[in-house]
Amino acid sequence: MSRRAYRPLIDLSSSSQKTVSHPAARYDSAFVHLTNHRRLVAQKASLIAAPHPTLPSFRITNTTALVGPAGRTPPFHRLPSCCCSPTSAAGARYDGTSWEGGGWSRGGRGRPGMAAVGSGGGGGARRRRAWRWAMRAAASAVVWTAVVQLASVAGLFRPRVLADCAGGGAGKAAASGLAALAGEDGAAARLSPPALVPKRIYRSNGYLRVTCNGGLNQMRAGICDMVTIARHLNLTLVVPELDKRSFWADPSDFGDIFDVDHFINSLRDELMIVKELPLKLQLRTKKRLYSMPPVSWSNETYYLKRVLPLARKHKVIHFDKSDARLANNGLPIQLQRLRCRVNFKALRFTPQIEALGRKLISTLQRSGQFVVLHLRYEMDMLSFSGCTHGCSNKETEELTRMRYAYPWWKEKEIDSEAKRLQGLCPLTPEEITLVLKALGFTKDTLIYIASGEIYGGEKRLAVLKAAYPKLVRKEKILSPDELRPFQNHSTQMAALDYMVSLASDIFIPSYDGNMARVVEGHRRYMGFRKTIQLDRKKLVELLDLYQGGVLSWDEFSDAVKEAHKSRMGQPTERKSIPGQPKEEDYFYANPQECIGSNGELRDFS
């Protein structure tokens, strides 16, 4: 029977005794459902001892009529059934001291002052009801757990119940999803966690620790390779450590740049990734850790025959280098596509970096189309490459001293001019200004400079600024307060440039370093967005002819345009040169195994 209590219909217009019809009268056996045991305990003395001015009388019609002298109905509908239960309530009256007649008597485990009809039965009913509710709750919990587990395995569960109940409906949810994809509601989109892919169960052959080396994009490509190697060898990967000993001396950890939880969860159907070694192995590796640099440009056979036995033997193996440790070509298609999946899907920047990057992008897009110029003209680039064309003697000496100051840089003596003629040097700001003009970029073009600190400062950018006044950098768009958390963290600053480079209408790198190539490949995946791959060897030849007076401006401009007609990011086959991996096209610049006809990521199944 329902526990719902019904208040009696009370007529207060007259003080005379009235018979009032009560809704509970519909029930058989004159049962009045009573609740609120605490109120009964507080009032029991008054009910037994003497008349109470606030106690009304009441009468229930038919077989459940109760009559009292005060003309008001007492609050017995609030008494719990465990304390009072009727047997025959007809004609029961309040005589000024207690309720009599109709079979009313004390009950409730013999406690004095508790009026009840009959004895016993009430406690048993209460226990039966409690048992039924407990069983229903337990059954519901079991069923719900089973549904969630089954849906999770199927990859279909998305906890959107709260969002839908808030009044959004399917249309509103779809609009919210589109806004999140457009980067306008990223924070709201993250409030609902994505569905977890089913976890791959396998017997691990050991743990792989990795220390990445290089800048952001060199480490990014290395992380993709390390995930692929760990998956191929059935190893458990420890979240990679980032380079803190290089020229940039950036103290950032993996979690300062990339979303660690997303990285782990998005790849759980491929391999196990842990944030740290188990405590037992941590203590063991402090005493002895097998560390090695894998051979560069190796294929999967090398890792199966040489690395896997070492991992099984030592339980934990450490790679102290991660750059270019996997071949560009000749790998199974599943491994190539896994490299793409890690790069394009699993490596997502932290919410802080993404939020600031979206602000940069939206600010630039409000001004119309914009070009990103990756002007690779920082001090470290010039020093380690030995490219000093256009530098003064004092600057050349400074760059040379810096190169010799780093013992890990093996190439010391470098012929700058010979390297430039081979197209192995970045273009100077003055040279890139002439190239942009020759390609047809007008003076009102909005150009975003994606780079670190330019060697020579603002003075070195004077020619470029004069030709293109709408030249901006992140330091000019964002406030000092917004950039303060990223100061002295060159890798995090590079992540902002990476986001802007992907979103630009045209991307132009002045040198084909790691960022230029990784961004180029990512833009191919995003639908072959326009990326002008400068032919530096040809450009150096044309620049020298123009500046030497051999070519007129029109001849120079026509020649530059002709040389780059097929270098605009169109679909092409990746060049493979067996035995010469450094000379062939980089996998991450053109991941053709992962790009469909429309630029979408191909199915991994």
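Positions 1 to 605 (the UniProt record's numbering) are the ones given, in order, by the sequence shown. The beta-carbon is built from N, C-alpha and C at its ideal position, and this holds for glycine as well.
Check                                                                                                          : Outcome
Within 9 angstroms, strictly: CB atoms of residue 250 and residue 501                                          : no
Continuous alpha helix (DSSP H) stretch holding residue 227: start and end                                     : 216–232
Backbone secondary structure at residue 416 - three-state DSSP                                                 : helix
Of the residues 229, 328, 195 and 366, the one placed nearest residue 207, counting alpha carbons only         : 229
C-alpha distance - residue 527 paired with residue 211, whole-angstrom precision                               : 33 angstroms
Three-state secondary structure assigned by DSSP to residue 211                                                : strand
The region 526–546 contacting the region 561–570, beta-carbon criterion three pairs below 8 angstroms          : yes
Limits of the alpha helix (DSSP H) - the one that residue 318 falls within                                     : Element bounds for residue 318: not the alpha helix (DSSP H) but the beta strand (DSSP E), 316–319.
Contacting residues, own chain, Cβ-Cβ under 6 angstroms from residue 225 (five flanking each side not counted) : 325 and 326
Straight-line gap, residue 591 to residue 378 (C-alpha atoms, nearest Å)                                       : 28 angstroms
CB of residue 276 within 9 angstroms of CB of residue 238, strictly                                            : yes
Contact with chain C by residue 236, beta-carbon distance below 9 angstroms                                    : In summary, chain C is missing from the structure at hand, where a single protein chain is found.
Integer Cβ distance of residue 464 from residue 475, believed to fall under 8 angstroms                        : In fact, because the Cβ distance is near 16 angstroms, the residues do not count as touching under 8 angstroms.
Own chain, CB closer than 7 angstroms to residue 363, minus 5 neighbours either side, in chain order           : 477
Within 9 angstroms, strictly: CB atoms of residue 438 and residue 557                                          : yes
Reduced DSSP secondary structure (H/G/I, E/B, other) of residue 518                                            : helix
Where residue 586 falls, given that 16 or more other Cβ within 10 Å makes a residue buried                     : buried
The region 338–348 touching the region 450–465, judged by at least three CB pairs closer than 8 angstroms      : no
Residue 258 versus residue 320 - alpha carbon distance                                                         : 20 angstroms
Rounded straight-line distance, which links the Cα of residue 505 to that of residue 444                       : 15 angstroms
Residue 290 in three-state terms, based on DSSP                                                                : strand
Straight-line Cα distance separating residue 129 from residue 53                                               : Any answer about residue 53 is weak, because its pLDDT of 45 lies below 50 and its placement is not dependable; what the coordinates show is given next. When rounded, the distance between both Cα atoms is 36 angstroms.
For residue 298: DSSP bridge partner residues                                                                  : 326
Three-state secondary structure (DSSP) of residue 509                                                          : strand
contact_flag[the region 405–425, the region 367–387] where n(CB pairs < 8 angstroms) is 3 or more              : yes
Simplified DSSP assignment, three categories, for residue 197                                                  : coil
Euclidean distance between Cα positions of residue 301 and residue 134                                         : 59 angstroms
Whole-angstrom C-beta distance between residue 231 and residue 196, which should lie under 8 angstroms         : Contact doesn't hold; Cβ gap of about 18 angstroms is too wide.
Nearest-angstrom Cβ-Cβ length linking residue 205 and residue 234, presumed shorter than 8 angstroms           : 5 angstroms
Residue 531 - partner residues in DSSP beta bridges                                                            : 507
Which of helix, strand or coil DSSP assigns to residue 349                                                     : strand
Terminal residues of the beta strand (DSSP E) in which residue 260 lies                                        : Residue 260 -> not in any beta strand (DSSP E); alpha helix (DSSP H) instead, spanning 260–266.
Identity of the residue in 352, 568 and 433 nearest residue 520 by Cα                                          : 568
Contact between the region 492–501 and the region 444–454 (3+ Cβ pairs under 8 angstroms)                      : yes
Distance, residue 513 Cα to residue 216 Cα                                                                     : 11 angstroms
With 16 other Cβ atoms within 10 Å as the buried cut-off, status of residue 433                                : buried
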